[in-house]
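As structure tokens, the structure follows; a few thoughts come after it.
Number of protein chains: 2
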Amino acid sequence: MTDKQETQVYIENIGSHAGTTVTVKGWLYHKRSSGKVRFLLVRDGTGIIQCVASLADVGERMFQLIDEMNQESSLIVTGSVREDKRAPGGYEMTLSLVQLLSNAIDYPISPKDHGTAFLMDNRHLWIRSKRQHAILRIRHTIIKAIRDFFDERGFTLFDPPIFTPAACEGTSTLFETDYFGEKAYLTQSGQLYGEAGAMAFGKIYTFGPTFRAEKSKTRRHLTEFWMIEPEVAYLDLDGDMELAEEFIESVVERVLESRVEELKVIERDTSVLEKVKRPFPRISYTDAIEVLRKNGHETNWGDDIGGDEETTISNQYDRPVMVHHFPSAIKAFYMKHDPEHDELALGFDMLAPEGRGEIIGGGQREDNYDTLVRRIQHERLPMEAFDWYLDLRKYGSVPHAGFGLGLERTVGWICGLSHVRETIPFPRMISRLKP
Amino acid sequence: MTDKQETQVYIENIGSHAGTTVTVKGWLYHKRSSGKVRFLLVRDGTGIIQCVASLADVGERMFQLIDEMNQESSLIVTGSVREDKRAPGGYEMTLSLVQLLSNAIDYPISPKDHGTAFLMDNRHLWIRSKRQHAILRIRHTIIKAIRDFFDERGFTLFDPPIFTPAACEGTSTLFETDYFGEKAYLTQSGQLYGEAGAMAFGKIYTFGPTFRAEKSKTRRHLTEFWMIEPEVAYLDLDGDMELAEEFIESVVERVLESRVEELKVIERDTSVLEKVKRPFPRISYTDAIEVLRKNGHETNWGDDIGGDEETTISNQYDRPVMVHHFPSAIKAFYMKHDPEHDELALGFDMLAPEGRGEIIGGGQREDNYDTLVRRIQHERLPMEAFDWYLDLRKYGSVPHAGFGLGLERTVGWICGLSHVRETIPFPRMISRLKP
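Protein sequences, first through last, are from chains X and U.
Residues in the first sequence are numbered consecutively from 1, following this note's numbering.
Residues in the second sequence are numbered consecutively from 1, following this note's numbering.
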């Protein structure tokens, strides 16, 4: 439909076409009139460019067409590109040709304020808005940074199954499905499978969706969220914490480098992100309890650290903090205990700064067969569900460790969002299954 | 546990440590005796290295320890690295120190033949075997090549939801779950959501697990498999086929470049992969029917092309072939019809060579609101399930196209495997939910 002599370009690359005539295919983001000139903000999914159409340049018919166009109409514009420091993005197009593909009548999302429920109902359109667009581009970059981090370090990607046979830790937060007559559950974590992977590949990472049927209606919970779980053979708790801090530093650095524009759009205070540099502070659970009590919490040694407590702890630091050596009684059966203090587990949580709470949980795994059997018995878990997992301790057991990072919480923290619902294209929550 | 003065290295990097003494942490893959010398094949997940331990070098006690070690025992070895063209991998270690961590008694998978069911029951251990290890490393590389391809071309990764509210095309092959009192279904394809993404980001790709409760017990079917689905605004069928062939060429090229060793291990005939160069042959459905009839099939115009027919067609070519312009009656409601031949749909399938059948299906989407409404009515689909999807045609509709690639079938083809079950760490099939 376009004149074949014009080059079609994406807005994010338009700078390299300054001085030439190009064609952009996109949608009308905003329109403004001033006498015999119309200013169109055109978006194409990679950026937004200001286009100037004067009556003299485009002629009567096209000028009238522009006046009829509404927000989000699809259109193809051709014009010359020139640098303009005042224009958003630094470039502007002087149009010679405008083609309207499809006029959008009464686009529901206007620049005025809308309620959250309305926007969520229109999530398929809301993602076109500047702010949502920027967040999801940052999500893309975070995912790429995560994968690059592990790929560059020789980790093998190891996709764990989504369907799992046994309800290992109670069924209350599991989604269940009929699997040809059997019951199958949607995975809550790929870790156990990841451990099998680490024994085969040395170092692996899983990266996939996980599911929790939690009835929590909080700003931190999705029923469907993506997890990254590295697992490394011959790694101990210290090495695990080193890996985690190097990892987070690298991801934040990448976003700061490559998403400058998007961070501006969402008005993120990047000075707090710039502080995310190793080494991260480390504090034992026991010391953390002291900190909490000094700050007015009535938490006792042995208690779980909840959301409010996490906020208090993370507020003590200007960068992520790692809390380690939790009471073994409050940690999962597979966590290795401190050989010198059986009441402590060789695990850690990383809490994001700005009071945002846990983004990583991990630690060293129990690698002794007999100990693990006792733990499974003690927790009254079904032994037969763990036969294959126990095999990893029977055949060439080694010390090993890993951790899990929740992607959406990480995106939420890096973007400084108050709710995880904006961190994924189509969030799923207790009362949200559509669109 | 190792002497801190030795450098710990991974076997895949051992070449850069020739002439020095290093420590490798891994597992015993194989052992062979010859007089006062023991040859150990040690694997660490990144490679296998031959280690030579002589009684003179390691002493009586350690030599005896080696004799007690079984396959898959975990061990830490220290020794000097030297180049040896005859050794597998090109390097060999002369050991000075051997530490046994955990002896493996009666490791179930021996070098002798085992039945498939037994190996699948022991999948958590089977993945340590050379061949399975190589396949899953190739899988990793294919995934990375796919992501790099789209990332480098400015596509935004767009994760579609796994939980979907409506059973758009019948429930017979859908996995269902209770979603807080509602019914939710596991996604079969992210395409419809991907279209919303393309309108927001210009070009997107989805990459995630998809699910089909198909009762088929064939070598091509998994109930849980990963799909990649690019979707591009302002793209037509021709552009879509160009994108698909450039994509496949690029992925195959990457595997050939970076997985030379693994391709040798699985004894893949790479000459057929080297032929995967653009342009790929294109044949219309109508011409394909002629080819089938000439080759003894009794297929009539209008029939679906099944597995056997795909094999016949793909056997005509030495590279992937694209069959296009199918009868619209056998294609999904959202596929755009040829404006000049309403009975034809602007879709294509790509069939892999060596008679392997479809790896890609795609095409241009219907972008006219009224036409799409009529199609939904005609197919008696629930209109309310598509309200948001129809919005994409109401607000700034544009021509757009995309395709879906099945990851496991692609891995199977590139690796030359007879069954998809070896292409994913823990395959899920009709009678396989464990481990």
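Cβ atoms here follow ideal geometry from the backbone N, Cα and C, with glycine treated the same way.
Every value quoted in this text rests on a predicted model; they were computed, and no experiment measured them.
Check, Outcome
"Three-pair Cβ contact test at 8 Å for the region 387 to 404 of chain U versus the region 356 to 365 of chain U", "yes"
"Proximity test, Cβ basis, 9 Å: Asp57 of chain U and chain A", "Judged by its chain identifiers, the structure shown contains no chain A, and its protein chains are X and U."
"Segments assigned beta strand (DSSP E), at least 3 residues, entirely inside the region 161 to 206 of chain U", "176 to 179 and 182 to 186"
"Inter-stretch contact (C-beta, 8 Å, three-pair minimum) for the region 364 to 381 of chain U and the region 199 to 214 of chain U", "no"
"Test item: CB-CB of Glu92 of chain X and Ile49 of chain X under 9 Å", "yes"
"CB contact below 9 Å: Ala329 of chain X versus chain U", "no"
"Below-9 Å beta-carbon distance, Met20 of chain X vs any chain U residue", "As written in the sequence, residue 20 of chain X is Thr, which differs from the Met given in the question. No, no contact with chain U."
"Sequence-distant residues of the same chain with beta carbon closer than 6 Å to Leu192 of chain X, five excluded per side", "Tyr389"
"Simplified DSSP state of Met429 of chain X, which is helix, strand or coil", "strand"
"Below-9 Å beta-carbon distance, Gly302 of chain U vs any chain X residue", "no"
"Three-state secondary structure (DSSP) of Arg43 of chain U", "strand"
"Short Cβ contact (9 Å threshold) for Leu125 of chain X with Ile162 of chain X", "no"
"Inter-stretch contact (C-beta, 8 Å, three-pair minimum) for the region 281 to 300 of chain U and the region 143 to 158 of chain U", "no"
"Every unbroken beta strand (DSSP E) inside the region 56 to 113 of chain X [3 residues or more]", "74 to 83 and 91 to 102"
"Min CB distance Lys31 of chain X to chain U below 9 Å", "no"
"Interface partners of Gly396 of chain U on chain X, CB under 7 Å", "Trp27, Glu72, Ser73, Ser74, Ser102 and Ala104"
"Distance CB(Arg32 of chain X)-CB(Ser54 of chain X) smaller than 9 Å", "no"
"Residue range of the unbroken beta strand (DSSP E) whose run includes His325 of chain U", "Val321 to Pro327"
"8 Å contact criterion, which Gly26 of chain X and Met199 of chain X should meet: CB distance rounded", "The pair is not a contact, with the Cβ atoms about 50 Å apart (cut-off 8 Å)."
"Under 8 Å by beta carbon: chain U residues contacting Glu440 of chain X", "The first residue shown for chain X is 1 and the last is 435, placing residue 440 of chain X beyond what the model contains."
"Backbone CA spacing between Arg428 of chain X and Ala166 of chain U [nearest angstrom]", "14 Å"
"Run of the beta strand (DSSP E) containing Ile359 of chain U, from where it starts to where it stops", "Gly357 to Gln364"
"Interface residues of chain X facing Pro161 of chain U [CB-CB closer than 7 Å]", "Glu224, Phe426 and Arg428"
"Of the residues U:Leu292, U:Val255 and U:Lys394, the one placed nearest Val276 of chain U, counting alpha carbons only", "U:Val255"
"Whole-angstrom C-beta distance between Leu75 of chain X and Val98 of chain X, which should lie under 8 Å", "6 Å"
"Pro339 of chain U, buried or exposed, once every other Cβ within 10 Å from all chains shown has been counted against 16", "exposed"
"C-beta neighbour in chain U for Arg393 of chain X, strict 9 Å", "yes"
"Pair within 9 Å by beta-carbon distance, Pro327 of chain X and Leu346 of chain X", "no"
"Buried or exposed by the 16-neighbour rule on C-beta atoms within 10 Å, applied to Ile14 of chain U", "buried"
"Cross-strand partners of Gly406 of chain X (DSSP beta bridge)", "X:Met227"
"Local conformation of Ile146 of chain X per DSSP, three classes", "helix"
"At least three beta-carbon pairs within less than 8 Å, the region 414 to 427 of chain X to the region 263 to 276 of chain X", "yes"
"Through-space distance from Glu358 of chain X to Asn315 of chain X, alpha-carbon basis", "12 Å"
"Simplified DSSP state of His124 of chain X, which is helix, strand or coil", "helix"
"Amino acids of chain X, ordered along the chain, whose beta-carbon sits closer than 8 Å to that of Asp84 of chain U", "Here the premise fails: no neighbours, minimum Cβ distance about 23 Å."
"Rounded straight-line distance, which links the Cα of Glu246 of chain U to that of Ser189 of chain U", "22 Å"
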